[in-house]
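Residue numbers for the sequence shown follow this note's numbering, beginning at 153 and rising by one.
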Amino acid sequence: MKVTGLMFADFDRSALGGPSALLERVGPRTIVEHTLRRYARIEGLSGRHIIVSARHSDAMRAALRETGEGDRFTVIETDVLRPRAALFASARKWGMGSWRGGLLGATYFDEFISAPTVLELLRATGADAGLCLDAAMPVLDPGIGGAMVRHLEAAPSDTPLVFTQSPPGIAGVVLHREFVEEFTRLDLPIGLRLAYRPEFPIGDPINRSLCLAVDAGIARTRARLTGDTRTSRSLLADLLDAVGDTAGAIQLCGAMSSGALADPDELPREVEIELTTVDPLPETTLRPRGGRVPVRGPVAVSAVLRAAQELGTLDDRLVVLGGHGDPLRHPQFREICRGIRAAGVLGIAVVSPLVDLDDADITALVDARVDVLSVLLDADSRETYMRVHQRDAFDAVIRNIARVEQSRQSLRSPQPLIIPHLTRCAATIGEMEAFFDRWIRETGGATIGGYSRHGGILPPDSLLATTPPTRTACRRLDSRLMLLADGAAVACSEDVRGQLRFGDWCEAPLSELWNGSDRQRCRAAHVVGIELPVVCARCSEWHRE
153 MKVTGLMFAD
163 FDRSALGGPS
173 ALLERVGPRT
183 IVEHTLRRYA
193 RIEGLSGRHI
203 IVSARHSDAM
213 RAALRETGEG
223 DRFTVIETDV
233 LRPRAALFAS
243 ARKWGMGSWR
253 GGLLGATYFD
263 EFISAPTVLE
273 LLRATGADAG
283 LCLDAAMPVL
293 DPGIGGAMVR
303 HLEAAPSDTP
313 LVFTQSPPGI
323 AGVVLHREFV
333 EEFTRLDLPI
343 GLRLAYRPEF
353 PIGDPINRSL
363 CLAVDAGIAR
373 TRARLTGDTR
383 TSRSLLADLL
393 DAVGDTAGAI
403 QLCGAMSSGA
413 LADPDELPRE
423 VEIELTTVDP
433 LPETTLRPRG
443 GRVPVRGPVA
453 VSAVLRAAQE
463 LGTLDDRLVV
473 LGGHGDPLRH
483 PQFREICRGI
493 RAAGVLGIAV
503 VSPLVDLDDA
513 DITALVDARV
523 DVLSVLLDAD
533 SRETYMRVHQ
543 RDAFDAVIRN
553 IARVEQSRQS
563 LRSPQPLIIP
573 HLTRCAATIG
583 EMEAFFDRWI
593 RETGGATIGG
603 YSRHGGILPP
613 DSLLATTPPT
623 RTACRRLDSR
633 LMLLADGAAV
643 ACSEDVRGQL
653 RFGDWCEAPL
663 SELWNGSDRQ
673 RCRAAHVVGI
683 ELPVVCARCS
693 EWHRE
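This is how it looks when you write it as C-alpha coordinates:
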(Lines of atoms letter the chains of each structure in order from A and count residues from 1; the text may use other names and numbers.)
(Lines give C-alpha, C1' and ligand atoms only; values in the text may rest on other atoms or scores of the structure.)
Protein backbone atom coordinates (compact mmCIF):
# COMPACT_ATOMS: atom_id res chain seq x y z
CA MET A 1 0.00 0.00 0.00
CA LYS A 2 1.29 3.43 -0.95
CA VAL A 3 0.84 6.04 1.81
CA THR A 4 2.04 9.58 1.25
CA GLY A 5 2.42 12.49 3.66
CA LEU A 6 0.23 15.59 3.26
CA MET A 7 0.99 18.55 5.51
CA PHE A 8 -1.24 21.64 5.41
CA ALA A 9 0.52 24.95 6.10
CA ASP A 10 -1.42 28.19 6.58
CA PHE A 11 0.75 31.26 7.20
CA ASP A 12 -2.33 33.54 7.42
CA ARG A 13 -4.68 32.08 10.02
CA SER A 14 -4.52 29.55 12.82
CA ALA A 15 -7.04 26.73 13.05
CA LEU A 16 -8.93 28.59 15.79
CA GLY A 17 -9.26 31.73 13.69
CA GLY A 18 -6.43 33.86 15.07
CA PRO A 19 -3.23 34.94 13.32
CA SER A 20 -0.98 32.10 12.20
CA ALA A 21 1.81 31.25 14.65
CA LEU A 22 3.92 29.12 12.30
CA LEU A 23 6.79 31.62 12.39
CA GLU A 24 6.64 32.10 16.17
CA ARG A 25 9.64 30.66 18.00
CA VAL A 26 9.57 27.94 20.62
CA GLY A 27 13.10 27.63 21.87
CA PRO A 28 15.69 27.98 19.07
CA ARG A 29 13.30 27.21 16.18
CA THR A 30 10.03 28.36 14.71
CA ILE A 31 6.97 26.16 15.07
CA VAL A 32 7.02 25.18 11.41
CA GLU A 33 10.72 24.26 11.62
CA HIS A 34 10.05 21.99 14.60
CA THR A 35 7.23 20.34 12.65
CA LEU A 36 9.30 19.84 9.50
CA ARG A 37 12.18 18.21 11.37
CA ARG A 38 9.80 15.69 12.94
CA TYR A 39 7.83 15.15 9.73
CA ALA A 40 11.08 14.20 7.99
CA ARG A 41 11.60 11.35 10.49
CA ILE A 42 8.28 9.56 9.85
CA GLU A 43 9.04 6.21 8.23
CA GLY A 44 6.95 4.33 5.68
CA LEU A 45 5.84 7.30 3.57
CA SER A 46 6.15 7.22 -0.20
CA GLY A 47 6.51 10.99 -0.24
CA ARG A 48 6.34 14.05 1.99
CA HIS A 49 4.21 16.83 0.56
CA ILE A 50 3.62 20.31 1.94
CA ILE A 51 0.46 22.11 0.85
CA VAL A 52 0.84 25.90 0.96
CA SER A 53 -0.57 28.95 -0.78
CA ALA A 54 1.62 30.30 -3.60
CA ARG A 55 1.98 33.62 -1.81
CA HIS A 56 3.55 31.85 1.16
CA SER A 57 5.78 29.40 -0.67
CA ASP A 58 8.84 31.59 -0.06
CA ALA A 59 8.24 31.45 3.70
CA MET A 60 7.94 27.68 3.56
CA ARG A 61 11.07 27.27 1.44
CA ALA A 62 12.98 29.47 3.88
CA ALA A 63 11.86 27.21 6.74
CA LEU A 64 12.98 24.16 4.76
CA ARG A 65 16.42 25.69 4.26
CA GLU A 66 16.71 26.26 8.00
CA THR A 67 15.99 22.60 8.71
CA GLY A 68 18.46 21.33 6.12
CA GLU A 69 15.83 18.78 5.07
CA GLY A 70 14.51 20.51 1.96
CA ASP A 71 15.33 17.69 -0.43
CA ARG A 72 13.00 15.34 1.47
CA PHE A 73 9.88 17.39 0.76
CA THR A 74 7.75 18.40 -2.20
CA VAL A 75 6.06 21.79 -1.92
CA ILE A 76 2.61 21.93 -3.54
CA GLU A 77 1.43 25.48 -4.21
CA THR A 78 -2.35 25.64 -4.11
CA ASP A 79 -5.08 27.61 -2.41
CA VAL A 80 -6.88 25.33 0.03
CA LEU A 81 -10.62 25.94 0.22
CA ARG A 82 -12.11 25.30 3.64
CA PRO A 83 -15.58 26.90 3.54
CA ARG A 84 -16.45 25.52 6.98
CA ALA A 85 -13.30 26.85 8.68
CA ALA A 86 -15.10 29.45 10.82
CA LEU A 87 -17.81 26.95 11.74
CA PHE A 88 -15.30 24.37 12.95
CA ALA A 89 -13.26 27.01 14.76
CA SER A 90 -16.34 27.86 16.84
CA ALA A 91 -17.12 24.18 17.36
CA ARG A 92 -13.60 23.39 18.59
CA LYS A 93 -13.04 26.29 21.00
CA TRP A 94 -14.58 24.44 23.95
CA GLY A 95 -12.67 21.24 23.11
CA MET A 96 -9.38 22.64 21.85
CA GLY A 97 -7.30 20.47 24.21
CA SER A 98 -8.74 17.14 23.01
CA TRP A 99 -8.64 15.26 19.71
CA ARG A 100 -12.43 15.02 19.81
CA GLY A 101 -15.22 16.38 21.98
CA GLY A 102 -15.94 19.49 19.95
CA LEU A 103 -19.47 20.60 19.20
CA LEU A 104 -21.01 19.27 15.97
CA GLY A 105 -18.84 16.18 16.46
CA ALA A 106 -15.84 18.21 15.29
CA THR A 107 -12.38 16.73 15.81
CA TYR A 108 -8.89 18.17 15.80
CA PHE A 109 -8.48 16.88 12.24
CA ASP A 110 -11.38 19.03 11.03
CA GLU A 111 -9.37 22.08 12.03
CA PHE A 112 -6.93 21.75 9.14
CA ILE A 113 -7.98 19.07 6.62
CA SER A 114 -9.58 19.92 3.27
CA ALA A 115 -10.97 16.64 1.89
CA PRO A 116 -11.13 17.86 -1.75
CA THR A 117 -7.46 18.89 -1.57
CA VAL A 118 -6.48 15.54 -0.06
CA LEU A 119 -8.36 13.70 -2.79
CA GLU A 120 -6.76 15.76 -5.56
CA LEU A 121 -3.25 15.02 -4.26
CA LEU A 122 -3.89 11.34 -3.63
CA ARG A 123 -5.00 10.99 -7.24
CA ALA A 124 -2.06 13.04 -8.53
CA THR A 125 0.50 10.98 -6.61
CA GLY A 126 -1.19 7.63 -7.15
CA ALA A 127 -1.25 7.05 -3.40
CA ASP A 128 -3.74 4.75 -1.71
CA ALA A 129 -3.86 6.85 1.47
CA GLY A 130 -2.49 10.02 2.99
CA LEU A 131 -1.10 10.81 6.43
CA CYS A 132 -2.63 14.25 6.97
CA LEU A 133 -0.75 16.67 9.21
CA ASP A 134 -0.80 20.35 10.12
CA ALA A 135 2.28 22.56 10.04
CA ALA A 136 1.48 23.61 13.62
CA MET A 137 2.57 20.29 15.14
CA PRO A 138 5.93 21.14 16.75
CA VAL A 139 5.93 17.98 18.91
CA LEU A 140 4.62 15.63 16.23
CA ASP A 141 5.67 12.11 17.22
CA PRO A 142 7.42 10.43 14.24
CA GLY A 143 7.16 7.01 15.88
CA ILE A 144 3.39 7.25 16.17
CA GLY A 145 3.18 8.54 12.59
CA GLY A 146 5.09 5.54 11.27
CA ALA A 147 3.03 3.16 13.40
CA MET A 148 -0.18 4.62 11.93
CA VAL A 149 1.06 3.88 8.41
CA ARG A 150 1.91 0.29 9.36
CA HIS A 151 -1.44 -0.08 11.14
CA LEU A 152 -3.36 0.83 7.99
CA GLU A 153 -1.31 -1.61 5.94
CA ALA A 154 -2.12 -4.43 8.39
CA ALA A 155 -5.77 -3.46 9.00
CA PRO A 156 -8.79 -4.96 7.22
CA SER A 157 -9.19 -3.74 3.66
CA ASP A 158 -12.35 -1.81 4.53
CA THR A 159 -10.62 0.33 7.20
CA PRO A 160 -11.34 3.90 6.00
CA LEU A 161 -8.91 5.76 8.24
CA VAL A 162 -6.50 5.45 11.15
CA PHE A 163 -6.34 7.83 14.11
CA THR A 164 -5.03 7.83 17.68
CA GLN A 165 -6.29 9.20 20.99
CA SER A 166 -3.42 11.66 21.15
CA PRO A 167 -3.81 15.29 22.21
CA PRO A 168 -3.77 17.87 19.39
CA GLY A 169 -0.28 18.32 17.96
CA ILE A 170 1.02 14.80 18.59
CA ALA A 171 -0.40 12.88 15.62
CA GLY A 172 -2.36 13.35 12.42
CA VAL A 173 -4.81 11.01 10.73
CA VAL A 174 -4.35 8.54 7.86
CA LEU A 175 -7.17 8.71 5.30
CA HIS A 176 -7.81 6.00 2.71
CA ARG A 177 -8.51 7.36 -0.78
CA GLU A 178 -11.88 5.60 -1.14
CA PHE A 179 -13.04 7.14 2.13
CA VAL A 180 -11.95 10.62 1.02
CA GLU A 181 -13.74 10.14 -2.30
CA GLU A 182 -16.99 9.27 -0.53
CA PHE A 183 -16.85 12.14 1.96
CA THR A 184 -15.88 14.62 -0.76
CA ARG A 185 -18.83 13.49 -2.89
CA LEU A 186 -21.19 13.86 0.08
CA ASP A 187 -19.55 17.14 1.16
CA LEU A 188 -19.10 15.88 4.72
CA PRO A 189 -16.39 16.78 7.25
CA ILE A 190 -13.88 14.04 8.05
CA GLY A 191 -14.64 14.08 11.79
CA LEU A 192 -18.21 13.03 11.17
CA ARG A 193 -16.91 9.48 10.70
CA LEU A 194 -15.67 9.54 14.31
CA ALA A 195 -18.77 11.09 15.88
CA TYR A 196 -22.21 9.78 16.82
CA ARG A 197 -24.86 10.38 14.20
CA PRO A 198 -28.37 8.88 14.43
CA GLU A 199 -28.41 8.43 10.63
CA PHE A 200 -25.59 5.86 10.78
CA PRO A 201 -25.12 4.70 14.38
CA ILE A 202 -21.84 2.89 15.02
CA GLY A 203 -19.92 1.84 18.10
CA ASP A 204 -17.28 4.11 19.56
CA PRO A 205 -14.45 4.16 16.98
CA ILE A 206 -11.79 3.95 19.71
CA ASN A 207 -12.76 0.28 20.09
CA ARG A 208 -12.40 -0.52 16.39
CA SER A 209 -9.56 -1.13 13.94
CA LEU A 210 -9.65 2.56 13.02
CA CYS A 211 -7.90 3.45 16.27
CA LEU A 212 -4.21 2.79 16.82
CA ALA A 213 -3.76 2.29 20.56
CA VAL A 214 -1.23 4.58 22.21
CA ASP A 215 0.20 4.67 25.71
CA ALA A 216 -2.48 5.39 28.33
CA GLY A 217 -0.54 8.41 29.55
CA ILE A 218 -0.80 9.93 26.07
CA ALA A 219 -4.50 9.15 25.70
CA ARG A 220 -5.30 10.72 29.09
CA THR A 221 -3.43 13.94 28.39
CA ARG A 222 -5.59 16.95 27.73
CA ALA A 223 -3.52 19.75 26.29
CA ARG A 224 -3.16 21.71 23.07
CA LEU A 225 0.37 21.06 21.83
CA THR A 226 0.07 22.94 18.56
CA GLY A 227 1.78 26.21 19.44
CA ASP A 228 -1.04 28.25 17.90
CA THR A 229 -1.90 30.05 21.15
CA ARG A 230 0.26 31.89 23.63
CA THR A 231 -0.59 29.36 26.35
CA SER A 232 0.31 26.47 24.07
CA ARG A 233 3.67 28.02 23.18
CA SER A 234 4.48 28.64 26.83
CA LEU A 235 3.68 25.02 27.68
CA LEU A 236 5.73 23.74 24.74
CA ALA A 237 8.72 25.86 25.72
CA ASP A 238 8.64 24.44 29.25
CA LEU A 239 8.20 20.89 27.94
CA LEU A 240 11.05 21.03 25.45
CA ASP A 241 13.23 22.63 28.08
CA ALA A 242 12.47 19.76 30.45
CA VAL A 243 12.71 16.74 28.13
CA GLY A 244 14.54 17.97 25.02
CA ASP A 245 13.31 19.00 21.59
CA THR A 246 13.45 15.48 20.14
CA ALA A 247 11.39 13.84 22.90
CA GLY A 248 8.45 11.67 21.94
CA ALA A 249 4.86 11.75 23.12
CA ILE A 250 5.41 9.43 26.10
CA GLN A 251 8.10 11.69 27.57
CA LEU A 252 6.16 14.88 26.80
CA CYS A 253 2.89 13.66 28.31
CA GLY A 254 4.74 12.15 31.25
CA ALA A 255 6.32 15.51 32.02
CA MET A 256 2.90 17.14 32.02
CA SER A 257 1.36 14.55 34.33
CA SER A 258 4.29 14.68 36.77
CA GLY A 259 3.32 18.13 38.01
CA ALA A 260 6.89 19.36 37.59
CA LEU A 261 5.95 22.11 35.13
CA ALA A 262 4.76 25.51 36.23
CA ASP A 263 1.05 26.25 35.82
CA PRO A 264 0.90 28.31 32.59
CA ASP A 265 -2.57 29.72 33.28
CA GLU A 266 -2.23 33.23 34.61
CA LEU A 267 -5.96 33.74 34.06
CA PRO A 268 -8.85 31.25 34.07
CA ARG A 269 -9.36 29.53 30.75
CA GLU A 270 -13.11 29.97 31.01
CA VAL A 271 -15.08 32.64 32.85
CA GLU A 272 -18.83 32.46 33.32
CA ILE A 273 -20.46 35.84 33.86
CA GLU A 274 -23.89 36.28 35.40
CA LEU A 275 -25.48 39.43 33.99
CA THR A 276 -28.70 39.23 36.02
CA THR A 277 -30.75 36.77 38.05
CA VAL A 278 -33.99 37.71 36.27
CA ASP A 279 -35.27 34.61 34.49
CA PRO A 280 -38.43 33.66 32.55
CA LEU A 281 -38.62 30.28 34.34
CA PRO A 282 -38.56 31.23 38.05
CA GLU A 283 -40.32 28.02 39.13
CA THR A 284 -38.22 25.55 37.13
CA THR A 285 -37.44 22.34 39.01
CA LEU A 286 -34.09 21.77 37.32
CA ARG A 287 -31.95 24.69 38.49
CA PRO A 288 -32.04 27.44 41.13
CA ARG A 289 -34.07 30.36 39.83
CA GLY A 290 -36.57 32.89 41.12
CA GLY A 291 -36.84 33.07 44.91
CA ARG A 292 -34.14 30.42 45.41
CA VAL A 293 -31.50 32.85 44.13
CA PRO A 294 -30.58 36.20 45.70
CA VAL A 295 -31.60 39.16 43.55
CA ARG A 296 -28.48 40.29 41.66
CA GLY A 297 -27.82 42.63 38.76
CA PRO A 298 -28.12 43.86 36.19
CA VAL A 299 -24.35 44.10 36.31
CA ALA A 300 -22.60 47.23 35.04
CA VAL A 301 -21.51 46.97 31.41
CA SER A 302 -18.19 48.62 32.26
CA ALA A 303 -17.33 45.84 34.71
CA VAL A 304 -18.04 43.12 32.14
CA LEU A 305 -15.98 44.83 29.46
CA ARG A 306 -13.08 45.45 31.83
CA ALA A 307 -12.99 41.73 32.64
CA ALA A 308 -13.24 40.87 28.94
CA GLN A 309 -10.37 43.19 28.07
CA GLU A 310 -8.18 41.49 30.66
CA LEU A 311 -9.07 38.06 29.29
CA GLY A 312 -8.42 39.35 25.78
CA THR A 313 -4.75 39.86 26.61
CA LEU A 314 -4.49 36.09 26.06
CA ASP A 315 -5.59 34.55 22.78
CA ASP A 316 -7.37 31.43 24.03
CA ARG A 317 -9.75 32.54 26.78
CA LEU A 318 -13.47 31.75 26.78
CA VAL A 319 -16.45 33.69 28.16
CA VAL A 320 -19.86 32.20 28.96
CA LEU A 321 -22.76 34.57 29.60
CA GLY A 322 -24.98 32.56 31.90
CA GLY A 323 -25.13 32.24 35.66
CA HIS A 324 -28.43 31.94 37.53
CA GLY A 325 -30.56 34.07 35.26
CA ASP A 326 -31.21 34.71 31.59
CA PRO A 327 -28.49 36.95 30.09
CA LEU A 328 -30.95 38.07 27.41
CA ARG A 329 -32.84 39.90 30.18
CA HIS A 330 -29.95 42.34 30.67
CA PRO A 331 -31.04 45.66 29.11
CA GLN A 332 -27.64 46.13 27.43
CA PHE A 333 -27.11 42.57 26.23
CA ARG A 334 -26.23 43.65 22.69
CA GLU A 335 -23.60 46.14 23.87
CA ILE A 336 -22.08 43.50 26.14
CA CYS A 337 -21.78 40.90 23.36
CA ARG A 338 -20.26 43.41 20.98
CA GLY A 339 -17.79 44.64 23.62
CA ILE A 340 -16.62 41.15 24.60
CA ARG A 341 -15.93 40.29 20.97
CA ALA A 342 -14.07 43.56 20.44
CA ALA A 343 -11.92 42.83 23.51
CA GLY A 344 -10.30 39.89 21.72
CA VAL A 345 -11.78 37.02 23.72
CA LEU A 346 -11.43 33.81 21.70
CA GLY A 347 -14.81 32.22 22.39
CA ILE A 348 -18.21 33.51 23.51
CA ALA A 349 -21.15 31.36 24.58
CA VAL A 350 -24.61 32.43 25.74
CA VAL A 351 -26.73 30.15 27.96
CA SER A 352 -30.44 30.95 27.90
CA PRO A 353 -33.85 29.24 28.18
CA LEU A 354 -34.71 31.27 25.05
CA VAL A 355 -38.29 31.81 26.15
CA ASP A 356 -38.21 35.51 25.35
CA LEU A 357 -36.33 36.56 22.23
CA ASP A 358 -36.69 39.73 20.23
CA ASP A 359 -35.07 40.69 16.95
CA ALA A 360 -32.44 42.81 18.71
CA ASP A 361 -31.27 39.73 20.63
CA ILE A 362 -30.84 37.78 17.41
CA THR A 363 -28.94 40.68 15.88
CA ALA A 364 -26.67 40.78 18.93
CA LEU A 365 -25.89 37.07 18.68
CA VAL A 366 -25.05 37.21 14.98
CA ASP A 367 -23.29 40.60 14.86
CA ALA A 368 -20.98 39.71 17.77
CA ARG A 369 -20.29 36.29 16.22
CA VAL A 370 -21.31 34.56 19.44
CA ASP A 371 -19.89 31.08 18.96
CA VAL A 372 -22.43 29.03 20.89
CA LEU A 373 -26.04 29.54 21.96
CA SER A 374 -26.82 26.89 24.58
CA VAL A 375 -30.59 26.58 24.92
CA LEU A 376 -31.86 25.23 28.27
CA LEU A 377 -34.71 23.26 26.73
CA ASP A 378 -34.71 20.12 28.93
CA ALA A 379 -37.61 18.38 27.17
CA ASP A 380 -38.75 16.88 23.90
CA SER A 381 -42.46 17.47 24.45
CA ARG A 382 -44.82 20.15 25.74
CA GLU A 383 -45.91 17.91 28.60
CA THR A 384 -42.41 17.28 29.94
CA TYR A 385 -41.44 20.93 29.48
CA MET A 386 -44.47 22.01 31.51
CA ARG A 387 -43.69 19.45 34.21
CA VAL A 388 -40.04 20.43 34.70
CA HIS A 389 -40.29 24.18 34.09
CA GLN A 390 -43.79 24.95 35.38
CA ARG A 391 -44.56 27.05 32.31
CA ASP A 392 -46.18 26.34 28.96
CA ALA A 393 -43.44 27.73 26.72
CA PHE A 394 -42.14 24.72 24.79
CA ASP A 395 -43.57 25.84 21.44
CA ALA A 396 -42.25 29.37 21.94
CA VAL A 397 -38.71 28.08 22.53
CA ILE A 398 -38.88 25.82 19.46
CA ARG A 399 -39.99 28.81 17.37
CA ASN A 400 -37.18 30.94 18.77
CA ILE A 401 -34.58 28.30 17.93
CA ALA A 402 -35.93 28.28 14.38
CA ARG A 403 -35.78 32.10 14.22
CA VAL A 404 -32.11 32.16 15.20
CA GLU A 405 -31.29 29.39 12.75
CA GLN A 406 -33.15 31.14 9.93
CA SER A 407 -31.35 34.40 10.65
CA ARG A 408 -27.99 32.65 10.71
CA GLN A 409 -28.65 30.94 7.40
CA SER A 410 -30.06 34.01 5.68
CA LEU A 411 -26.95 35.98 6.63
CA ARG A 412 -24.70 33.01 5.74
CA SER A 413 -23.17 33.29 9.20
CA PRO A 414 -21.48 30.24 10.77
CA GLN A 415 -22.37 31.56 14.22
CA PRO A 416 -24.00 30.99 16.59
CA LEU A 417 -24.00 27.22 16.86
CA ILE A 418 -27.35 26.34 18.44
CA ILE A 419 -26.92 23.61 21.04
CA PRO A 420 -30.10 22.59 22.94
CA HIS A 421 -29.41 21.20 26.42
CA LEU A 422 -31.25 18.60 28.48
CA THR A 423 -30.75 17.93 32.19
CA ARG A 424 -30.76 14.19 32.85
CA CYS A 425 -33.22 13.39 35.65
CA ALA A 426 -36.20 11.15 36.38
CA ALA A 427 -38.58 13.56 34.66
CA THR A 428 -36.57 13.75 31.41
CA ILE A 429 -34.86 10.36 31.08
CA GLY A 430 -37.66 8.95 28.93
CA GLU A 431 -37.10 11.63 26.29
CA MET A 432 -33.32 11.84 26.47
CA GLU A 433 -32.50 9.69 23.45
CA ALA A 434 -35.17 11.25 21.22
CA PHE A 435 -34.06 14.73 22.33
CA PHE A 436 -30.42 14.07 21.49
CA ASP A 437 -31.13 12.51 18.10
CA ARG A 438 -33.58 15.25 17.15
CA TRP A 439 -31.18 18.11 17.73
CA ILE A 440 -28.17 16.33 16.26
CA ARG A 441 -30.22 16.19 13.06
CA GLU A 442 -31.74 19.68 13.26
CA THR A 443 -28.94 21.90 14.56
CA GLY A 444 -25.94 19.57 14.50
CA GLY A 445 -25.47 19.33 18.26
CA ALA A 446 -27.00 18.77 21.67
CA THR A 447 -25.70 18.35 25.21
CA ILE A 448 -26.87 16.22 28.12
CA GLY A 449 -25.99 17.34 31.65
CA GLY A 450 -26.42 15.80 35.06
CA TYR A 451 -28.94 16.95 37.65
CA SER A 452 -27.37 18.97 40.46
CA ARG A 453 -28.84 19.80 43.84
CA HIS A 454 -26.61 22.87 44.06
CA GLY A 455 -25.53 22.10 47.59
CA GLY A 456 -29.02 21.18 48.81
CA ILE A 457 -30.98 24.06 47.29
CA LEU A 458 -32.86 21.61 45.07
CA PRO A 459 -34.43 18.33 46.27
CA PRO A 460 -32.88 14.94 45.49
CA ASP A 461 -33.80 13.21 42.25
CA SER A 462 -34.89 9.57 42.14
CA LEU A 463 -32.62 8.75 39.20
CA LEU A 464 -29.35 7.04 40.10
CA ALA A 465 -26.64 9.66 40.50
CA THR A 466 -23.52 9.51 38.32
CA THR A 467 -21.12 10.81 40.97
CA PRO A 468 -18.05 8.51 41.29
CA PRO A 469 -17.62 6.68 44.62
CA THR A 470 -14.21 8.16 45.46
CA ARG A 471 -13.84 11.90 45.69
CA THR A 472 -10.91 13.69 44.06
CA ALA A 473 -9.98 17.34 43.63
CA CYS A 474 -12.53 19.39 41.69
CA ARG A 475 -11.77 19.26 37.97
CA ARG A 476 -13.12 22.74 37.34
CA LEU A 477 -11.11 24.56 39.96
CA ASP A 478 -7.96 24.95 37.86
CA SER A 479 -9.65 26.26 34.74
CA ARG A 480 -12.85 28.18 35.57
CA LEU A 481 -14.10 31.17 37.47
CA MET A 482 -17.68 32.28 38.08
CA LEU A 483 -18.52 35.98 38.28
CA LEU A 484 -21.86 36.71 39.95
CA ALA A 485 -23.87 39.82 39.13
CA ASP A 486 -23.33 41.35 42.59
CA GLY A 487 -19.55 41.37 42.11
CA ALA A 488 -18.72 38.11 43.88
CA ALA A 489 -16.07 35.99 42.18
CA VAL A 490 -16.65 32.35 43.17
CA ALA A 491 -15.25 28.98 42.14
CA CYS A 492 -18.16 27.85 39.97
CA SER A 493 -21.90 28.00 39.35
CA GLU A 494 -22.61 25.52 42.16
CA ASP A 495 -22.04 28.38 44.62
CA VAL A 496 -25.45 29.91 43.93
CA ARG A 497 -25.44 32.27 46.91
CA GLY A 498 -21.82 33.40 46.67
CA GLN A 499 -20.70 31.86 49.96
CA LEU A 500 -17.07 31.28 48.96
CA ARG A 501 -15.99 34.64 47.60
CA PHE A 502 -12.52 35.16 46.18
CA GLY A 503 -13.10 38.90 45.95
CA ASP A 504 -15.06 41.52 44.01
CA TRP A 505 -14.52 41.21 40.27
CA CYS A 506 -16.18 44.56 39.63
CA GLU A 507 -13.32 46.18 41.54
CA ALA A 508 -10.26 43.91 41.35
CA PRO A 509 -8.45 42.51 38.29
CA LEU A 510 -9.24 38.89 37.47
CA SER A 511 -5.55 38.00 37.76
CA GLU A 512 -5.57 39.19 41.37
CA LEU A 513 -8.59 37.03 42.20
CA TRP A 514 -7.33 34.01 40.25
CA ASN A 515 -3.90 34.04 41.89
CA GLY A 516 -5.06 35.35 45.26
CA SER A 517 -4.70 33.62 48.61
CA ASP A 518 -8.42 32.78 48.98
CA ARG A 519 -8.52 30.76 45.78
CA GLN A 520 -5.15 29.16 46.51
CA ARG A 521 -6.39 27.98 49.92
CA CYS A 522 -9.48 26.49 48.31
CA ARG A 523 -7.35 24.75 45.69
CA ALA A 524 -4.98 23.36 48.32
CA ALA A 525 -7.90 22.00 50.35
CA HIS A 526 -9.16 20.12 47.30
CA VAL A 527 -5.73 18.64 46.60
CA VAL A 528 -5.35 17.18 50.10
CA GLY A 529 -9.07 16.44 50.47
CA ILE A 530 -9.51 17.85 53.96
CA GLU A 531 -11.06 21.02 55.40
CA LEU A 532 -13.03 21.69 52.24
CA PRO A 533 -15.07 24.90 52.24
CA VAL A 534 -18.68 24.19 53.23
CA VAL A 535 -20.06 24.92 49.76
CA CYS A 536 -17.52 22.51 48.21
CA ALA A 537 -18.14 19.77 50.77
CA ARG A 538 -21.85 19.79 49.86
CA CYS A 539 -21.17 19.70 46.13
CA SER A 540 -21.47 16.49 44.11
CA GLU A 541 -20.33 17.98 40.80
CA TRP A 542 -16.57 17.88 41.47
CA HIS A 543 -16.06 15.16 38.82
CA ARG A 544 -17.46 17.14 35.90
CA GLU A 545 -15.29 18.98 33.40
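Just so you know, even glycine gets a beta-carbon here, dropped at the ideal spot from N, CA and C.
Since the structure is predicted, the reported quantities are computational estimates derived from the model, not experimental observations.
- Given a length threshold of 3 residues, each whole run of the beta strand (DSSP E) inside the segment 404-472 is given here in chain order: 422-426.
- Looking at 593, 639, 679, the one whose alpha-carbon comes closest to that of residue 629 is 679.
- Counted as a single uninterrupted DSSP element, the alpha helix (DSSP H) harbouring residue 211 occupies residues 209-219.
- With a 10 Å radius around the Cβ and a threshold of 16 neighbouring Cβ atoms, residue 315 comes out buried.
- For secondary structure counted as the beta strand (DSSP E) over 3 or more consecutive residues, the segment 493-553 holds these complete runs in sequence order: 499-504, 524-528.
- For residue 227, the uninterrupted beta strand (DSSP E) run begins and ends at 226-229, by DSSP.
- Close CB contacts of residue 406 within its chain, under the 7 Å cut and outside five residues either way in sequence, are with 369 (chain order).
- When DSSP reads this structure, residue 284 sits in a beta bridge with 158, 325.
- The Cβ atoms of residue 590 and residue 696 do not sit closer than 8 Å to each other.
- Counting along the chain, residue 300 sits inside the alpha helix (DSSP H) bounded by residues 294-306.
- Taking residue 631 as the centre and dropping the five residues before and after it, the same chain places the C-beta of 417, 420, 421, 422 closer than 8 Å to its C-beta, in chain order.
- For residue 232, there is no enclosing alpha helix (DSSP H), as DSSP gives it neither H nor E.
- Residue range 382-395 is occupied by the alpha helix (DSSP H) that includes residue 392.
- By the criterion of a C-beta distance shorter than 6 Å, residue 546 is surrounded in its chain by 534, 537, once the five residues flanking it on both sides are discounted.
- In summary, residue 317 is buried, with 16 or more beta-carbon neighbours lying within 10 Å of its beta-carbon over all protein chains present.
- Under the Cβ criterion (8 Å, minimum of three pairs), the segment 338-345 does not count as touching the segment 393-403.
- Here residue 508 is near residue 480, since their CB atoms are less than 8 Å apart.
- Taking 8 Å as the cut-off, the Cβ atoms of residue 451 and residue 463 do not count as close.
- Under the three-state reduction of DSSP, residue 273 is assigned to helix.
- Segment contact: the segment 274-292 against the segment 192-201, three or more CB-CB distances shorter than 8 Å; contact assigned.
- In the DSSP assignment, residue 687 falls within the unbroken alpha helix (DSSP H) covering 686-689.
- With distances taken between CA atoms, residue 459 lies nearest to 639 out of 639, 239, 566.
- Between residue 241 and residue 168, the C-beta gap is smaller than 8 Å, which places the two residues in contact.
- Rounded to the nearest whole angstrom, the CA to CA distance from residue 408 to residue 484 is 42 Å.
- When the Cα atoms are used, residue 573 and residue 155 turn out to be separated by approximately 42 Å.
- Taken atom to atom, the span from the alpha-carbon of residue 274 to that of residue 506 is near 47 Å.
- The alpha carbon of residue 597 has as its nearest neighbour, out of 570, 530, 581, 616, the alpha carbon of 570.
- Contact between the segment 260-273 and the segment 331-338 is present: three or more C-beta pairs spanning the two stretches fall below 8 Å.
- In the structure shown, residue 314 falls within a strand segment according to DSSP collapsed to helix, strand and coil.
- Counting only the Cα atoms, residue 297 lies some 34 Å from residue 567.
- About 7 Å separates the beta carbon of residue 449 from that of residue 426, a gap short enough to meet the 8 Å contact definition.
- The DSSP-derived three-state label of residue 343 is helix.
- Fewer than three pairs of CB atoms, one per stretch, sit closer than 8 Å, so the segment 597-611 makes no contact with the segment 670-677.
- Less than 8 Å divides the Cβ of residue 324 from the Cβ of residue 284.
- When C-alpha distances from residue 512 are compared across 556, 247, 431, the shortest belongs to 556.
- The C-beta separation of residue 172 from residue 160 comes to about 12 Å, leaving the pair out of contact by the 8 Å criterion.
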